Amino acid sequence: MRFLQVALLAMAASFAQAEVKIAVVDMQRAVLASDEAKVAVEKFRAEKKGEIDTITTLELELKGIQDKIAKDGDIMSEDERRKLKNSFEEKATTYKFHRQTMQKAEQQELQALAQAMEPKMQAALKSIIDEKKFDLVVRPEMVIYNAPGTDITKLLLERLNSAK
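Heads up, the sequence shown is in the working numbering, so the first residue is 66 and it goes up one at a time.
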């Protein structure tokens, strides 16, 4: 414990002596906003058009059933209400299944894209760090406050897009 306190004091003293250049970068945001990601998302949507259309159709059917119950629920027979409720539950289960399948596929696609872009992103980030002479680069989740000009995400995005 004593060693940790001494190490922290030594770090604080070294930070006090020299101006430390710190930057914040959101690598995930840069990857997702890149031209390469936009192309990949469009390709994914084209490949999954049938599944997306199924989900959209189910959403519309569920909304239609809800609207019908809200509008005509008071004048419906108990049997009609029960049938609508059963139909709604079936469609909701199907919708949930298709939606979860689609979300899982989206996550896998984005993860594969991030892994594929990792070397290019690291190279672009390293060139920015070397060029701007940053001493420390952190992720935004680790920062409570950052002054204007310390976020280099936009610069990283520009480098990713220009490094085709």
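From the three backbone atoms N, C-alpha and C, an ideal C-beta is built for every residue, glycine too.
Owing to the predicted nature of the structure, the values given are computational and were not obtained by experimental measurement.
- When DSSP states are grouped into helix, strand and coil, D137 belongs to the helix group.
- Runs of the beta strand (DSSP E) lying entirely within the region 77-131, each at least 3 residues long, are 87-89 in chain order.
- V90 is a Cβ neighbour of L190, given a cutoff of 9 Å.
- The distance from the Cβ of A228 to that of K185 is about 6 Å, consistent with a contact at the 8 Å cut-off.
- With 16 or more other Cβ atoms inside 10 Å of its own Cβ, I217 counts as buried.
- P184: member of the alpha helix (DSSP H) spanning 143-197, first to last residue.
- Note that the region 161-180 touches the region 115-130; at least 3 beta-carbon pairs, one per stretch, sit closer than 8 Å.
- Distance from the Cα of E84 is smallest, within the candidate group F199, P205, L222, for F199.
- At the C-beta level, L178 and A102 come within 9 Å of one another.
- The continuous beta strand (DSSP E) containing V202 extends over residues 201-203.
- Taking every protein chain shown into account, the CB of V208 has fewer than 16 other CB atoms within 10 angstroms, so this residue is exposed.
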